[in-house]
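Position in the sequence shown (first residue = 1) + 191 = this note's numbering.
Every residue gets a Cβ at the ideal spot worked out from N, C-alpha and C, and that includes glycine.
Here the structure is laid out as structure tokens; the discussion comes afterwards.
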Amino acid sequence: MADLKASMQAGSSSFNSSNDGNELRELHKNEEFVVSHTVAKSSEGQPETRLRKQFSLWSILGVGFGLTNSWFGISTSLVTGISSGGPMMIVYGIIIIAMISVCIAVSLGELSSAYPHAGGQFWWSLKLAPPKYKRFAAYMCGSLAYAGSVFTSASTLLSAATILVGMYALVRPDFVVKDWHVVVCFECMHVFLMLFNCYGRSLSIVSYSALYISLFSFVTITITVLACSRGNYNDSKFVFATFTNETGWKTSGIAFIVGLINPAWSFSCLDCATHMAFEVKKPERVIPIAILGTVAIGFVTSFSYVIAMFFSLHNLDAINNSNTGAPILDIYFQALGNKAGAVVLGSLVLVTSFGCVISCHTWQARLCWSFARDEGLPFSRYWARIDPQLGIPLNAHLISSFFVSLLGVLYLASTTAFNSLITGCIMFLLLSYIIPVICLLIKKRDIKHGPFWLGKFGLFSNIVLLGWTLFSLVFFCFPFQMPVSKNNMNYASVVIVGWLLFILMYWALKGRHVFHVVEEEEFGETDPYLME
Numbered sequence: 192m193a194d195l196k197a198s199m200q201a202g203s204s205s206f207n208s209s210n211d212g213n214e215l216r217e218l219h220k221n222e223e224f225v226v227s228h229t230v231a232k233s234s235e236g237q238p239e240t241r242l243r244k245q246f247s248l249w250s251i252l253g254v255g256f257g258l259t260n261s262w263f264g265i266s267t268s269l270v271t272g273i274s275s276g277g278p279m280m281i282v283y284g285i286i287i288i289a290m291i292s293v294c295i296a297v298s299l300g301e302l303s304s305a306y307p308h309a310g311g312q313f314w315w316s317l318k319l320a321p322p323k324y325k326r327f328a329a330y331m332c333g334s335l336a337y338a339g340s341v342f343t344s345a346s347t348l349l350s351a352a353t354i355l356v357g358m359y360a361l362v363r364p365d366f367v368v369k370d371w372h373v374v375v376c377f378e379c380m381h382v383f384l385m386l387f388n389c390y391g392r393s394l395s396i397v398s399y400s401a402l403y404i405s406l407f408s409f410v411t412i413t414i415t416v417l418a419c420s421r422g423n424y425n426d427s428k429f430v431f432a433t434f435t436n437e438t439g440w441k442t443s444g445i446a447f448i449v450g451l452i453n454p455a456w457s458f459s460c461l462d463c464a465t466h467m468a469f470e471v472k473k474p475e476r477v478i479p480i481a482i483l484g485t486v487a488i489g490f491v492t493s494f495s496y497v498i499a500m501f502f503s504l505h506n507l508d509a510i511n512n513s514n515t516g517a518p519i520l521d522i523y524f525q526a527l528g529n530k531a532g533a534v535v536l537g538s539l540v541l542v543t544s545f546g547c548v549i550s551c552h553t554w555q556a557r558l559c560w561s562f563a564r565d566e567g568l569p570f571s572r573y574w575a576r577i578d579p580q581l582g583i584p585l586n587a588h589l590i591s592s593f594f595v596s597l598l599g600v601l602y603l604a605s606t607t608a609f610n611s612l613i614t615g616c617i618m619f620l621l622l623s624y625i626i627p628v629i630c631l632l633i634k635k636r637d638i639k640h641g642p643f644w645l646g647k648f649g650l651f652s653n654i655v656l657l658g659w660t661l662f663s664l665v666f667f668c669f670p671f672q673m674p675v676s677k678n679n680m681n682y683a684s685v686v687i688v689g690w691l692l693f694i695l696m697y698w699a700l701k702g703r704h705v706f707h708v709v710e711e712e713e714f715g716e717t718d719p720y721l722m723e
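Rendered as structure tokens:
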């Protein structure tokens with residue numbers, strides 16, 4: 192323990208060398224966010240860390256599912272799947288992605304059980320990579336995870352903006368939706384939710400209520416649609432055996448694969464629960480259960496939801512030719528036969544999206560702040576500051592929100608910008624997952640594992656995660672429509688390569704000289720930093 196304390200104090204000293212070794216970084220209590228560290232200067236000049244274990248399994252599950260929200264993801268990204276295979280693709284796509292997500296959840300669960308830490312995949316990379324490369328592995332993992340969080344925020348906001356504009360278009364059939372309409376709604380909602388996120392004390396309430404709001408909306412919409420369509424349901428052949436290809440791809444298999452982006456986005460962000468490790472008792476047991484629980488709830492809600500929606504769908508051609516840009520609203524309208532009722536159900540989806548966006552904002556700001564403390568970003572000293580009045584990483588929140596705003600403007604450049612954003616979200620997060628998994632496989636899985644360890648199935652899950660990441664990296668960057676033009680091009684590959692080049696360049700020029708990981712670890716109820 193003494194050696195550990197000495198090494199961690201030395202790491203802290205090197206990290207703060209610019210402050211002549213006497214100042215300690217002060218982290219303010221942050222009630223709204225799950226991590227409630229406080230680092231203060233004691234009389235002997237040593238840091239003290241206090242953690243509040245305030246979250247139960249259900250609250251951790253609520254936060255995790257509140258961000259993943261599979262049925263909501265299916266609703267808002269339906270425009271991708273319904274043109275790339277129709278009902279059949281979405282129904283079977285959910286089953287396929289759910290099985291893959293189980294393997295992803297097992298891989299993340301095993302690592303979080305072995306190394307429970309709020310840094311998640313960033314920390315695992317540091318612990319598992321060879322000593323010579325551990326700083327680089329942690330840097331790459333943190334950079335990719337942060338990019339994934341920004342793309343998640345942008346794609347969720349854009350889906351919410353599309354729903355909002357679509358509701359107006361639904362009640363005004365003569366209204367022609369323009370790209371700039373969606374962008375204006377995107378930016379207005381973004382500013383509102385960004386400001387809301389600055390008031391930290393209310394965020395804990397949002398975290399607790401996200402699961403219940405989502406499930407309430409899901410149950411209300413599903414029951415209403417089924418009840419109003421009673422006696423006029425579609426046949427099972429339409430739901431389970433109708434394949435429609437509106438993408439322009441001559442090969443139905445390619446169209447099906449491209450459409451998998453819809454359910455894949457709906458099961459993304461599974462690492463969310465891993466970042467709660469400091470806030471729950473026995474995280475080595477609770478976190479894996481929460482991750483797998485997120486997949487289970489996501490599958491049950493999303494699968495039953497699409498079954499209900501497609502049995503209540505009467506005219507698929509009308510959906511494809513609708514002016515709303517949000518197919519789910521047209522399904523509501525066909526089921527209810529009432530535009531006002533469809534708008535009410537759409538409003539429930541919109542309210543659910545607010546909770547998702549707020550969670551995304553919180554997530555991306557804390558990732559930026561945490562990574563900046565380790566000098567992982569340009570001008571890190573600005574993004575690593577905690578606002579003393581608000582008690583949040585305000586600068587990190589603002590710069591992250593600025594990046595989200597820039598991504599929203601991409602919608603003006605391409606009609607398929609939404610698909611590019613959700614592809615970026617999926618790929619950046621998957622790439623951040625495979626770094627520690629590759630390190631684990633290099634060690635032949637010979638580590639001191641936690642109580643959640645599935646042996647051969649764990650190995651199988653690791654291989655599936657690697658294979659799925661490589662598969663997605665190729666096929667999810669395909670154009671969504673043919674023939675390809677500058678307006679419908681999939682720019683995800685450009686963004687991914689551009690970000691990789693940027694972070695590699697930063698590492699070569701500066702990052703490798705200044706990037707130092709502030710290692711903080713929990714040892715049961717005993718704080719390794721506490722003075723003897």
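DSSP bridge partner residues for residue i (one or two, in chain order)
{"i": "residue 435", "result": "276"}
Collapsed DSSP secondary structure at residue i in the structure displayed
{"i": "residue 675", "result": "coil"}
{"i": "residue 638", "result": "coil"}
{"i": "residue 442", "result": "coil"}
{"i": "residue 494", "result": "helix"}
{"i": "residue 708", "result": "coil"}
{"i": "residue 703", "result": "helix"}
{"i": "residue 680", "result": "coil"}
{"i": "residue 307", "result": "coil"}
{"i": "residue 511", "result": "helix"}
{"i": "residue 333", "result": "helix"}
{"i": "residue 668", "result": "coil"}
{"i": "residue 504", "result": "coil"}
{"i": "residue 516", "result": "coil"}
{"i": "residue 653", "result": "helix"}
{"i": "residue 539", "result": "helix"}
{"i": "residue 460", "result": "coil"}
{"i": "residue 592", "result": "helix"}
{"i": "residue 607", "result": "coil"}
{"i": "residue 286", "result": "helix"}
{"i": "residue 454", "result": "helix"}
{"i": "residue 429", "result": "helix"}
{"i": "residue 644", "result": "coil"}
{"i": "residue 339", "result": "helix"}
Same chain, Cβ closer than 6 Å to residue i, neighbours up to 5 away in sequence not counted
{"i": "residue 332", "result": "312, 313, 316, 623, 626"}
{"i": "residue 516", "result": "353, 357, 368"}
{"i": "residue 264", "result": "456, 457"}
{"i": "residue 651", "result": "none"}
{"i": "residue 705", "result": "566"}
{"i": "residue 526", "result": "416, 419, 420, 503"}
{"i": "residue 281", "result": "272, 497"}
Environment of residue i [buried if 16+ CB atoms lie within 10 Å]
{"i": "residue 611", "result": "buried"}
{"i": "residue 668", "result": "buried"}
{"i": "residue 371", "result": "exposed"}
{"i": "residue 376", "result": "buried"}
{"i": "residue 554", "result": "buried"}
{"i": "residue 685", "result": "exposed"}
{"i": "residue 696", "result": "exposed"}
{"i": "residue 306", "result": "buried"}
{"i": "residue 474", "result": "buried"}
{"i": "residue 379", "result": "exposed"}
{"i": "residue 593", "result": "exposed"}
{"i": "residue 648", "result": "exposed"}
{"i": "residue 365", "result": "exposed"}
{"i": "residue 557", "result": "buried"}
{"i": "residue 432", "result": "exposed"}
{"i": "residue 326", "result": "buried"}
{"i": "residue 414", "result": "exposed"}
{"i": "residue 564", "result": "buried"}
{"i": "residue 426", "result": "exposed"}
{"i": "residue 495", "result": "exposed"}
Cβ-based neighbour list, residue i, same chain, cut-off 7 Å, excluding 5 preceding and 5 following
{"i": "residue 274", "result": "437, 438, 511"}
{"i": "residue 362", "result": "530, 534"}
{"i": "residue 586", "result": "573, 574, 576"}
{"i": "residue 596", "result": "378, 381"}
{"i": "residue 518", "result": "269, 270, 273, 510"}
Cut-off 8 Å between Cβ atoms - residues of its own chain near residue i, not counting five sequence neighbours on either side
{"i": "residue 523", "result": "412, 416, 532, 533, 536, 537"}
{"i": "residue 608", "result": "349, 601, 602, 682"}
*Counting only runs of 4+ residues fully inside the segment 344 to 399, write out the alpha helix (DSSP H) ranges in chain order.*
370 to 389
*Scan the segment 545 to 587 and note each continuous alpha helix (DSSP H) run of 4 residues or more that stays entirely inside, going in chain order.*
571 to 574
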